[in-house]
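Trainee: I am attaching a structure below and will ask some questions about it afterwards.
Numbering (the numbering used here), first residue to last: 27 to 115.
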């Protein structure tokens with residue numbers, strides 16, 4: 027975030043770097059935007075690569091924590107069923 031906030035002002039314009047259309051982003055089922063992400067980024071190739079790497083890293087972290095959250099929810103449900111069964115006897 028800090029690095030992205032230090033980008034030159036002209037690179038932050040919606041028409042240059044953001045992954046949004048004129049009416050906002052249109053997401054597909056896999057989380058990608060309707061347009062090609064690489065074609066909508068018009069900044070310096072080094073900056074574009076950094077942004078894409080950061081987006082990929084964020085997606086990986088999101089997948090990891092989503093999986094972990096599902097594991098915790100499953101554990102909680104098992105424990106709840108076990109506790110409920112123990113109090114019935």
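Even glycine gets a Cβ: it sits at the ideal position worked out from N, Cα and C.
Keep in mind that this is a model prediction, so the values were computed, not measured.
Could you give the residue range of the alpha helix (DSSP H) that holds residue 82?
Mentor: Where residue 82 is concerned, the enclosing alpha helix (DSSP H) stretches over 71-114.
Trainee: Give a yes or no on whether 8 Å exceeds the smallest Cβ distance from residue 94 to chain B.
Mentor: Included in the structure is just one protein chain, with no chain B present.
Trainee: What does the alpha-carbon distance come out to for the pair residue 108 and residue 85?
Mentor: 35 Å
Trainee: In angstroms with no decimal places, state the Cα-to-Cα distance between residue 78 and residue 88.
Mentor: Computed Cα separation, rounded: 15 Å.
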